[in-house]
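J.:
2 protein chains.
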Amino acid sequence: MSAAEETAEPDDDTAKPWGEVTPEAARKLLVAAVEAFAERGYHATTTRDIAGRAGMSPAALYIHYKTKEELLHRISRIGHDKALEILQAAAEGPGTAAERLDGAVRSFVRWHAERHTTARVVQYELDALSDEHRAEIIELRRRTDAAVRRILNDGVKAGEFDVPDVPGTTLAVLSLCIDVARWFNAQGRRTPDEVGALYAGLVLRMVTAQQ
Amino acid sequence: MSAAEETAEPDDDTAKPWGEVTPEAARKLLVAAVEAFAERGYHATTTRDIAGRAGMSPAALYIHYKTKEELLHRISRIGHDKALEILQAAAEGPGTAAERLDGAVRSFVRWHAERHTTARVVQYELDALSDEHRAEIIELRRRTDAAVRRILNDGVKAGEFDVPDVPGTTLAVLSLCIDVARWFNAQGRRTPDEVGALYAGLVLRMVTAQQ
DNA sequence: CGGCGCGCTAAGCGCTTGCTCACCTTCGGG
DNA sequence: CCCGAAGGTGAGCAAGCGCTTAGCGCGCCG
Chain A
39 MSAAEETAEP DDDTAKPWGE VTPEAARKLL VAAVEAFAER GYHATTTRDI
89 AGRAGMSPAA LYIHYKTKEE LLHRISRIGH DKALEILQAA AEGPGTAAER
139 LDGAVRSFVR WHAERHTTAR VVQYELDALS DEHRAEIIEL RRRTDAAVRR
189 ILNDGVKAGE FDVPDVPGTT LAVLSLCIDV ARWFNAQGRR TPDEVGALYA
239 GLVLRMVTAQ Q
Chain B
39 MSAAEETAEP DDDTAKPWGE VTPEAARKLL VAAVEAFAER GYHATTTRDI
89 AGRAGMSPAA LYIHYKTKEE LLHRISRIGH DKALEILQAA AEGPGTAAER
139 LDGAVRSFVR WHAERHTTAR VVQYELDALS DEHRAEIIEL RRRTDAAVRR
189 ILNDGVKAGE FDVPDVPGTT LAVLSLCIDV ARWFNAQGRR TPDEVGALYA
239 GLVLRMVTAQ Q
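Protein chains in written order, with this note's numbering: chain A, 39 to 249; chain B, 39 to 249.
1) For the alpha helix (DSSP H) containing B/F222, name the first residue and the last one.
2) Can you list, in chain order, the residues of its chain whose CB lies under 6 Å from that of A/F199, leaving out five sequence neighbours each side?
3) Just how far apart, CA to CA, sit A/G131 and A/D231?
4) Would A/S114 count as contacting chain B if we go by Cβ distances under 7 Å?
5) For a test of the three-state rule: what should DSSP assign to B/T246, helix, strand or coil?
6) What does DSSP give as the partner residues of B/F199 in its beta bridges?
7) In angstroms, rounded to a whole number, what distance separates the CA positions of A/R153 and A/V143?
8) In whole angstroms, give me the CA-to-CA distance for A/R180 and A/R112.
9) With a threshold of 7 Å between beta-carbons, can A/R153 be considered close to chain B, or not?
10) Between B/A98 and B/A63, which are expected to be in contact by the criterion C-beta below 8 Å, what is the C-beta distance as a whole number of angstroms?
11) Which residue comes first and which comes last in the alpha helix (DSSP H) that contains A/Y100?
12) Buried or exposed for A/T134, please, with buried defined as at least 16 other CB atoms from any protein chain shown within 10 angstroms of its CB.
13) Pick helix, strand or coil for B/V241, following the three-state DSSP scheme.
14) Roughly how many angstroms separate the alpha carbons of A/A129 and B/T182, rounded to a whole number?
15) Buried or exposed for A/R243, please, with buried defined as at least 16 other CB atoms from any protein chain shown within 10 angstroms of its CB.
16) Mind checking which residues open and close the alpha helix (DSSP H) that includes B/Y162?
17) Tell me which residues of the stretch 162-186 of chain A have at least one Cβ-Cβ distance to chain B shorter than 8 Å, keeping chain order.
18) In chain B, which residues lie less than 8 Å from A/I216 when you measure between Cβ atoms?
19) Measure the C-alpha to C-alpha separation of A/A184 and A/L178 and round it to an integer number of angstroms.
20) Residues in its own chain within less than 7 Å of A/V69 by CB, not counting five upstream and five downstream?
21) Which residues, taken in chain order from the stretch 91-105 of chain B, show a beta carbon closer than 9 Å to some beta carbon of chain A?
22) Quick one: Cα of B/A41 to Cα of B/T60, how far?
23) Identify whether A/K120 lies in helix, strand or coil by the three-state DSSP scheme.
24) Buried or exposed for B/G197, please, with buried defined as at least 16 other CB atoms from any protein chain shown within 10 angstroms of its CB.
25) Just how far apart, CA to CA, sit B/G239 and A/I101?
26) Output yes or no for whether 7 Å exceeds the beta carbon distance between A/L190 and A/T208.
27) Could you tell me the boundaries of the alpha helix (DSSP H) in which A/G66 lies?
28) Mind checking whether B/D118 and B/V218 have CB atoms under 7 Å apart?
29) Would B/T155 and B/V233 be called neighbours here (beta carbons separated by less than 7 Å)?
30) With distances taken between CB atoms, is the gap from A/A76 to A/V159 smaller than 7 Å?
31) Pull up the distance between the alpha-carbon of A/A210 and that of A/D203, whole angstroms please.
32) Go ahead and label B/A247 buried or exposed: buried means 16 or more other beta carbons lie within 10 angstroms of its beta carbon, across all protein chains shown.
33) Rounded to a whole number of angstroms, what is the C-alpha to C-alpha distance between A/D165 and B/K195?
34) Around the Cβ of B/T250, are there at least 16 other Cβ atoms within 10 angstroms (buried) or fewer (exposed)?
35) Would you please verify whether the beta carbon of A/A71 is less than 7 Å from any beta carbon of chain B?
36) So for B/D217, helix, strand or coil by DSSP?
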């Protein structure tokens, strides 16, 4: 398994979204599950539906995953890892706090728009996870929150931002970005880039001193 | 049925949330369904669970509602009516655009926080509705959107606001408010009033000219 | 005070669910 | 050239699902 992973290029997870899921059949099943969960929700999706979308028999699912919940966990875990990676890269990057916040919101929103099927599963199907799996994911979300809070704190310290309630504003910024997954429609008028630019501008106004 | 409704005071739907659902047993079932749908989601909730929470047998549900989906529709319809009422009252009220926007966000957020179980069902279980019922609800949401957009347009016309993209900003404002239903926790540190005040302040910064 | 109708229940029907199991194919190594 | 592991299938099991139906208790009207 790790030998197969090494044959892939190291950075192709942006180009090929589920490149880290290694047996071909397991990836096909996982992609099918993402689509189905995003469309109908976890509980309304049957294992027969997932297998059918992947062009396989229902039993094939259980060769690669122990349960339907394990499939959801794999999706949620990989998605949260990606989300955290995006925000931490923005938080630890160069530039002023304003520039980093702009980049963070822009890329986080773009991810929620471009990959809104995945994001929908990642953000709205937490309750369906088992207790242990949910706890693991919640820890990742805590770190996501911390990355944004760090940018805001930096900006306040540098005098760039005027933010009376940093934790509350962190919540609002993440909230705004995450909700994109709920309403974004690929057939709609706005491209992911446009939404990212719009939202980054709005967030910067929220934190900038009013004069 | 209308005779029974007339015996209630005209304005008690704020004090007694589901006062408009008239046979006592039907209301108990609906309240139980709201709790169950909010906790587990529509598809993961069984009719036995709803009836059990209401202290009745599973069959009792079908005396008052034709199907489980009809229950969801009743909840969604009443909830959307209430949400629209809140925003239209704010939009058509007196005061400057800034004052009306402040009031709109404050009361809309407060509703999503205080009644976050109901709001969660209303905002996140649209997909489970039948096609006709979903179309009816989407029309209500269009009007909700229009109420906020009207405030923003008024503010721009009056020179109070600097909003380059009114439809996009309308989306963002509603998005911010709606997402409260996802994360709000009654055991958390913030009261609905505090969140409403915080969010109203952030939204005003989003639309106010920067100078 | 008899009986009628309404609100409710116990039991269960037909179906779908997540998941299993016996079996089949394919294919690289001795 | 056969063999065993890996990956797949068809059929089906037990459990749980939404919903129905036959019948029960009880308040109300003649």
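Virtual Cβ for every residue (Gly too), placed ideally from N, Cα, C. Bear in mind the structure is a predicted one, so any value in this text is a computation, not a measurement.
T.: This is what the structure holds:
1) Bounds of any alpha helix (DSSP H) do not take in B/F222, whose DSSP letter is neither H nor E.
2) G193 and V245
3) 20 Å
4) no
5) When DSSP states are grouped into helix, strand and coil, B/T246 belongs to the strand group.
6) B/T246
7) 15 Å
8) 19 Å
9) no
10) 7 Å
11) L99 to H102
12) exposed
13) helix
14) 36 Å
15) buried
16) Per DSSP, the continuous alpha helix (DSSP H) segment holding B/Y162 begins and ends at H154 to Y162.
17) Y162, D165 and A166
18) D217 and R220
19) 10 Å
20) W56
21) none
22) For B/A41, the predicted model reports a pLDDT of 39, less than 50, meaning its position is unreliable; a value from the coordinates is still stated below. Cα to Cα, the separation comes out at about 10 Å.
23) Per DSSP, reduced to three states, the secondary structure at A/K120 is helical.
24) exposed
25) Rounded to the nearest angstrom, the two C-alpha atoms are 53 Å apart.
26) yes
27) According to the sequence displayed, residue 66 of chain A carries Lys and not Gly. Annotation for A/K66: the continuous alpha helix (DSSP H) segment containing it runs E62 to R78.
28) Correcting the residue type first, residue 118 of chain B is His in the shown sequence and not Asp. No. Outside cutoff.
29) no
30) Yes. Within cutoff.
31) Just so you know, the alpha carbons of A/A210 and A/D203 end up roughly 11 Å apart.
32) exposed
33) If you draw a straight line from the Cα of A/D165 to the Cα of B/K195, it is about 45 Å long.
34) This structure leaves residue 250 of chain B out entirely; chain B is present only between 39 and 249.
35) no
36) coil
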